[in-house]
Amino acid sequence: MPKVGMEAERRRSLIDATVDAIHERGYSDITMAQIAKRAGVSGGLVHHYFGSKDQLLAATMRHLLTELGRAISDGLAMAETPRQRISAIIAGNFAVDQFQPTVIAAWLAFYVQSRTTDSNRRLLRIYAARLASNLTHALRAFLPRDEARRVAEGTASMIDGVWIRQALSDTKTDRQAAIAMVEDYVETQIAAHVARTSNT
Numbered sequence: 001m002p003k004v005g006m007e008a009e010r011r012r013s014l015i016d017a018t019v020d021a022i023h024e025r026g027y028s029d030i031t032m033a034q035i036a037k038r039a040g041v042s043g044g045l046v047h048h049y050f051g052s053k054d055q056l057l058a059a060t061m062r063h064l065l066t067e068l069g070r071a072i073s074d075g076l077a078m079a080e081t082p083r084q085r086i087s088a089i090i091a092g093n094f095a096v097d098q099f100q101p102t103v104i105a106a107w108l109a110f111y112v113q114s115r116t117t118d119s120n121r122r123l124l125r126i127y128a129a130r131l132a133s134n135l136t137h138a139l140r141a142f143l144p145r146d147e148a149r150r151v152a153e154g155t156a157s158m159i160d161g162v163w164i165r166q167a168l169s170d171t172k173t174d175r176q177a178a179i180a181m182v183e184d185y186v187e188t189q190i191a192a193h194v195a196r197t198s199n200t
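If you count by the UniProt record's numbering, then the sequence shown holds residues 1 to 200, one letter each, in order.
Here you go:
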């Protein structure tokens with residue numbers, strides 16, 4: 001009889017193995033059997049839990065999105081002002097356990113697969129909508145609604161762009177530099193709005 005919690009443990013080990021395998025070989029070049037071997041389980045067990053490689057990637061991304069959401073929520077819980085909420089959202093998107101080479105490679109694979117896989121596309125849309133909504137809500141303290149939406153989309157694009165550039169770079173990840181770059185964009189946009197309104 002299997003131990004209580006064994007299935008969850010095996011699923012997690014397979015997700016971890018998927019992230020590592022994508023980083024080392026790329027999504028297209030890995031097989032379910034290779035992932036199973038890396039996780040120390042049978043190939044049949046991977047298919048039993050996830051069905052296909054695309055479904056395994058989707059499960060991996062759901063896990064990473066949950067971790068990302070937790071990092072953002074933890075930051076928001078400590079934020080006392082709207083500006084601190086913006087910073088918490090930005091910092092959460094560059095959390096230490098997220099903004100690292102293995103996870104960055106998995107995210108890049110997820111973006112590519114979302115072009116052709118409906119389940120991954122839905123996950124990506126949910127993530128993007130939540131990020132834009134959270135940013136817009138916090139930015140409304142400084143900007144009118146339409147302007148807040150525009151800056152929220154720009155901020156989200158900056159975050160995604162930094163991740164993609166890092167995925168294509170051989171340089172070491174620097175989360176503080178990444179955060180500072182996005183923060184600078186937000187500060188510039190808020191300051192520009194203040195300057196426009198003070199001159200009218």
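Don't be surprised by glycine CBs; every beta carbon is placed ideally from N, CA and C.
- If you ignore the 5 residues before and after F142, its C-beta comes within less than 6 Å of the C-beta of I190, all in its own chain and listed in chain order.
- Within the model, the alpha-carbon separation for R12 versus I72 is close to 21 Å.
- Inclusion of T31 and L57 in the CB contact set at 8 Å is not warranted, their separation being larger than that value.
- Cβ-Cβ distances below 7 Å link V103 to V19 and L64 in the same chain, with the five nearest sequence neighbours on each side left out; the list follows chain order.
- Counting along the chain, the unbroken alpha helix (DSSP H) around E183 starts and ends at R175 to S198.
- For the options I159, R150, D146 and A33, the alpha carbon positioned closest to that of L14 is the one of A33.
- When rounded, the separation of the alpha-carbon atoms in E24 and A105 is 9 Å.
- A direct Cα-Cα distance of roughly 24 Å separates I86 from A167.
- According to the DSSP assignment, F110 belongs to the alpha helix (DSSP H) that extends over P101 to Q113.
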